[in-house]
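Quick note on our numbering: the sequence shown kicks off at 7 and runs consecutively. Glycine included, C-beta positions come from ideal geometry on N, C-alpha and C. Bear in mind that the values here come from a model prediction, so they are computed numbers and not experimental data.
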Amino acid sequence: MKTRYLLAACSLLSITSAGLAEVPDDTSKFTSERVFDLEYADDPQISPDGKTIVYARKSMDKRSDRVLGDLWAITTQNGEHRPLVSGEGSSSSVRWSPDGDRLVYLTTTDGKPDLRVRYMDSGESFSLAQLGVNPSAPTWSPDGKSIAFSMFVPDKPATFAKPLKGPKDSEWAKPVRVFDDLVFRFDGAGYLPKGKNHVFILSAEGGTPRQVTKGKNGFSSPEWLGNGALLVTGNDVEDAYLDPIESEIYRVNLSDLSMTALTQRDGPDFGPKVSPKGLKIAYLGYDDKLKSYQHTELYVMGTDGTGSRNLTANFDRSIDSVHWRADGKALIAQAEVDGLLTLLSIDLSGNVKTLVRDVGGTAIGRPYASGSFSVAKKAGGSSPIIAYTKASTNRPAEVALSRGGKTGRVLTNLNDDALGHLKLAKVEEIITKSTHDGRDIQAWVALPPGFKADGSYPMILEIHGGPYAMYGPFFAAEIQRFAAEGYVTVYVNPRGSTGYGEAFAQLIDLDYPGKDHDDLMSVVDALVAKNYVSKDRLFITGGSGGGILTAWAVGKTNRFAAAASIKPVINWTTMALAADISRFVSRHWFRAQPWEQPEEYWRRSPLSIVNNAKTPTMLMVGEADWRTPAWEAEQFYTALKVQNVDTVLVKIPDAPHLIAGRPSNLIAKVDNIMGWFAKYDPAKADKMK
């Protein structure tokens with residue numbers, strides 16, 4: 007799998023990162039180019055009988071500089087591991103047919119989106135239909151005769167004038183573009199074409215897709231309710247765009263395409279899963295209280311929408327995804343719990359039992375809680391057979407198999423060839439009391455190879471984004487790179503982080519960035535007190551929400567030798583009026599428009615305290631970032647420049663908010679941050695001159 011090559015990888019700055027703490031030689035060091043050696047397992051799907059797992063084996067393609075996926079299969083009894091689909095373009099979203107005799111999956115063929123079916127006995131595959139745009143979420147009907155999926159349907163663009171045509175061979179300017187939607191561009195997609203996603207069905211033997219949802223509002227996430235109806239998710243009301251999180255679950259009868267809403271409350275309802283006998287529907291959602299964050303609860307209702315019950319009302323963690331157990335008497339759910347991504351069994355009385363606590367490993371860059379699982383639909387009964395992505399501190403995700411809720415047996419070994427001979431950072435958990443209110447704050451410290459607690463090491467405080475997200479003890483290339491260059495690297499779950507209960511997450515509601523700074527500085531103080539790091543060699547960085555908190559920190563303290571604020575929000579007014587999630591910002595994070603509460607928007611903007619900043623600060627952002635657009639970083643950069651504070655603006659060409667989505671960009675991001683920090687490391691000042 008590690009046979010894809012890059013012609014060259016280069017850093018954006020020429021600042022050297024030499025002269026840090028003593029580190030191993032390159033033969034045992036996690037160097038930048040080793041990022042391209044990494045692989046990880048994603049989206050493991052176990053067959054209905056529990057005998058085979060098919061998963062996407064992700065690797066870094068050095069020629070295209072992208073993460074690509076091949077499909078591999080594992081026999082659960084003997085661990086036999088072999089490729090199924092490779093070399094045809096990146097493949098994903100594989101799903102088993104009800105009888106386990108076929109697979110449907112998404113890929114590209116000759117550069118075009120392709121929805122394909124593969125027969126397991128012969129290995130033959132064929133394209134279901136010619137599709138002009140990428141489909142998503144393919145799912146089989148119970149009888150295996152049809153496949154439902156969602157796909158973009160274009161509409162006529164807004165126009166007020168018919169453009170003239172220039173003479174032959176003329177070079178006229180491109181025609182004007184007219185936008186009349188609130189969200190007219192989106193991060194990762196750029197400027198959006200006019201239209202919406204709708205749901206289609208298609209014969210499993212191929213043919214012409216039939217569109218089964220219509221209208222000016224979109225629908226997605228199809229789930230079969232028997233062979234004659236679908237459940238879809240959307241918000242079929244006037245001005246739906248004004249309430250961006252609102253959604254309902256609808257039943258679509260395929261005989262006449264009539265649509266009935268099965269949920270009606272104010273709040274999102276989504277992710278329907280039909281029970282094995284087709285008698286109940288499990289789904290996720292919550293009552294919208296206009297908070298910046300609320301837990302997602304697990305509900306069960308009848309197939310007509312009646313009798314809805316909240317199964318997790320007494321479980322103070324948010325549910326990410328669910329699958330029915332094969333006997334239909336319980337559901338297997340994934341949730342963030344105290345820094346760990348956990349699988350739970352939740353029965354129909356709401357009793358919650360922890361199964362496995364080591365899910366994750368699919369966020370390669372930073373140590374986010376990211377992983378997935380599937381459950382055998384016809385085997386296991388009360389002892390579910392579960393395939394999941396297994397996390398660890400020193401490896402990306404592997405495929406693991408759990409039977410009856412027992413700790414998973416690891417079935418793959420994707421990275422020993424790349425990482426087994428390297429000296430990686432040791433990751434240590436710490437719990438610190440916040441100086442603000444004495445709350446426990448969980449963090450992890452990555453210690454460089456050969457570390458000794460002698461108080462000499464430089465430290466990087468790396469802050470997660472979201473801000474409603476969670477770090478954990480997961481492998482992360484960025485953290486390992488920092489540690490390989492001699493940095494003690496600490497990453498923290500301050501207040502507002504998920505996984506610690508709804509009250510902890512809501513501590514930053516209407517007060518962000520608020521007291522997170524105190525939580526973070528408490529962790530820094532603890533590392534200095536433990537003699538892990540030098541108080542004169544402290545550095546700070548973070549992306550998105552972490553970029554906000556980094557910019558906030560340089561306005562609050564001068565203790566850091568240098569800072570790197572990555573893709574931050576600097577001015578909440580511009581964020582609320584120009585970002586792709588502008589409506590969510592004003593409706594849920596402020597609950598007022600900027601002209602209604604200008605003082606509140608200003609109070610919470612890092613720009614309001616930039617006059618205090620003295621710390622040399624790098625700003626970095628993707629040029630195609632529409633989540634925290636480039637003008638956010640530019641405002642802070644300019645503000646520092648006019649105050650004669652050392653600063654530099656780094657832009658990543660063509661990169662969206664996920665700057666590190668391409669391997670070379672991940673390398674450039676980390677190397678530039680370390681280069682900036684090395685320039686201002688007081689222990690190396692003489693060598694840097």
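| Item | Value |
| --- | --- |
| To the nearest angstrom, report how far apart Asn537 and Met465 are at their CA atoms. | 11 Å |
| If the criterion is Cβ atoms closer than 8 Å, does the pair Ser133 and Thr115 meet it? | yes |
| Which residue's Cα is closest to the Cα of Lys620: Ser611, Gly224, Gln603 and Ala645? | Ala645 |
| Suppose you measure from the CA of Thr219 to the CA of Ser226; what does that come to, to the nearest Å? | 9 Å |
| Going by DSSP in three states, Ala27 sits in which element: helix, strand or coil? | In this prediction, Ala27 scores a pLDDT of 46, lower than 50, which makes its location untrustworthy; the coordinate-derived value is nonetheless stated afterwards. Coil. |
| Pick out whichever of Lys180, Ser540, Ser97 and Gly548 has its Cα sitting closest to the Cα of Lys458. | Ser540 |
| Going by the DSSP bridge assignment, what does Val159 pair with across the sheet? | Lys202 |
| For the alpha helix (DSSP H) holding Lys685, just list the boundary residues, first then last. | Pro669 to Lys685 |
| Can you tell which of Val451, Ala424 and Leu428 has its C-alpha closest to the C-alpha of Ile436? | Val451 |
| Just to confirm the assignment, what range does the alpha helix (DSSP H) spanning Glu508 have? | Glu508 to Ala511 |
| If you pair each beta-carbon of the segment 540-553 with each one of the segment 505-512, do three or more pairs fall below 8 Å? | no |
| How would you call Lys695, buried or exposed, if buried means at least 16 neighbouring beta carbons within 10 angstroms? | The predicted model places Lys695 with a pLDDT of 49, which falls under 50 and marks its position as unreliable, so this point remains unresolved. |
| From Pro455 to Val358, what does the alpha carbon distance come to, in whole angstroms? | 40 Å |
| If distances are taken between C-alpha atoms only, which option among Ser65, Ile370, Phe155 and Ile665 comes closest to Thr214? | Phe155 |
| Classify Asp687: buried if its beta carbon has 16 or more other beta carbons within 10 angstroms, exposed otherwise. | buried |
| Between the beta-carbon of Ala267 and the beta-carbon of Leu304, is there less than 8 Å? | no |
| Whose C-alpha, out of Asp272, Asn233, Leu231 and Arg257, is nearest the C-alpha of Asp249? | Asp272 |
| Helix, strand or coil: how does DSSP classify Ala557 here? | helix |
| Alpha helix (DSSP H) containing Glu697: first to last residue? | With the chain represented from 7 up to 695, any question about residue 697 goes unanswered, as that position is not in the structure. |
| Can Tyr394 and Val362 be called in contact, C-beta distance under 8 Å? | yes |
| Using the DSSP secondary-structure output, state which residues sit across from Tyr197 in a beta bridge. | Arg191 |
| Roughly how many whole angstroms lie between the Cα atoms of Ala288 and Ala179? | 53 Å |
| According to DSSP, is Phe545 helix, strand or coil? | strand |
| Between His301, Trp601, Asn203 and Ser378, which has its C-alpha nearest Gly505's C-alpha? | His301 |
| In this structure, how does DSSP classify Ala582 when only helix, strand and coil are distinguished? | helix |
| I'd like the span of the alpha helix (DSSP H) that includes Val480, first residue to last. | The sequence as given places Phe at residue 480; Val does not occur at that position. Counting along the chain, Phe480 falls outside any alpha helix (DSSP H), and DSSP gives it neither H nor E. |
| Using C-beta distances below 7 Å, list every residue in its chain close to Gly478, excluding the 5 sequence neighbours before and after it, in chain order. | Gly345, Leu346, Leu347, Gly366, Pro373 and Ala375 |
| Assuming Gln51 contacts Arg101 (C-beta within less than 8 Å), just tell me the rounded distance between them. | 6 Å |
| Give, in chain order, every unbroken run of the beta strand (DSSP E) that is at least 3 residues long and sits entirely within the segment 409-460. | 432-439 and 446-453 |
| Once the 5 residues before and after Val534 are set aside, which same chain residues still bring their CB inside 7 Å of it? | Lys541 |
| Distance, Cα to Cα, Gly138 vs Val530? | 52 Å |
| Taking the Cβ atom as the reference point for each residue, do Ala210 and Val123 lie within a distance shorter than 8 Å? | yes |
| Who are the near neighbours of Phe321 in its chain, counting only those whose CB is closer than 6 Å to its CB and skipping five residues on each side? | Val358 |
| Is it buried or exposed, Thr495, if we count other Cβ atoms within 10 angstroms and call 16 or more buried? | buried |
| Between which two residues does the alpha helix (DSSP H) carrying Ser99 extend? | Taken as a continuous stretch (DSSP letters only), Ser99 belongs to no alpha helix (DSSP H), being part of the beta strand (DSSP E) at Ser98 to Trp102. |
| What did DSSP end up calling Ala689 once you bin it into helix, strand or coil? | helix |
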